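S.K.: Residues in the sequence shown are numbered consecutively from 0, following numbering that gives the first Met the number 0.
Idealized CB from N, CA, C, for every residue including glycine.
What you are looking at is a predicted structure, and each value in this text was computed from that prediction instead of being measured.
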Amino acid sequence: MALQGPIPVTFAMVFPHGCYIVGEVEPVKDFDASSNGRFVQARDKQTAELVWQVAVMDGDPTLKPAQKTVAVKILAPVQPVPPQPMPGLPFTPVEFDGMSITPYVNAAGRLAYSIKVREMHAPRQSTPNKAGKDAA
């Protein structure tokens, strides 16, 4: 099979209704290297970059509450800074670039996905097209 490793995807494919930060950006622990109270941050197996994690809530209104929050892993040499909160919103909207997913079978025997990204930023504004309507 030609497809191996992480599968490249776009933000719109994974979060067509957008997503919102609901946690802090935190370093991911390397459980194999950490011991005796010493914390060692995980590195990505393909790129050797440091791995950070942030919890986000999927904006899809059809999801069940237990399916709404997912962890997104960010590969970056320094701790990524989330976008600034938007006044009047309880959660901060966010978008990601350089996305990939890796399917796996979780402890419950169900198909799950690990989401990795390269960049985190505020949502881009859509630009009106010539007819004056929002671009798709």
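Cutting at 7 Å between CB atoms, please list the residues of its own chain near C18, excluding the five before and the five after it.
M.R.: V55, M56, D57, G58 and V93.
S.K.: Below 8 Å between beta carbons: does that hold for K115 and L49?
M.R.: No, they are not a contact pair.
S.K.: Since T68 and V27 are thought to touch, with beta carbons under 8 Å apart, how far apart are those beta carbons, to the nearest angstrom?
M.R.: Rounded, the Cβ-Cβ distance is 17 Å, inconsistent with contact.
S.K.: So, for A130: in the same chain, excluding its five sequence neighbours on each side, which residues have a beta-carbon less than 6 Å away from its beta-carbon?
M.R.: Here A130 scores only 45 on pLDDT, less than 50, and its place in the model is too uncertain to base an answer on.
S.K.: Kindly indicate which residue of M119, F95 and A107 has the alpha-carbon position closest to the one of V8.
M.R.: For the residues M119, F95 and A107, the minimum Cα distance to V8 belongs to F95.
S.K.: Using the Cβ count rule (16 or more neighbours within 10 Å means buried), how would you classify M12?
M.R.: With fewer than 16 Cβ atoms within 10 Å of its Cβ, M12 is classed as exposed.
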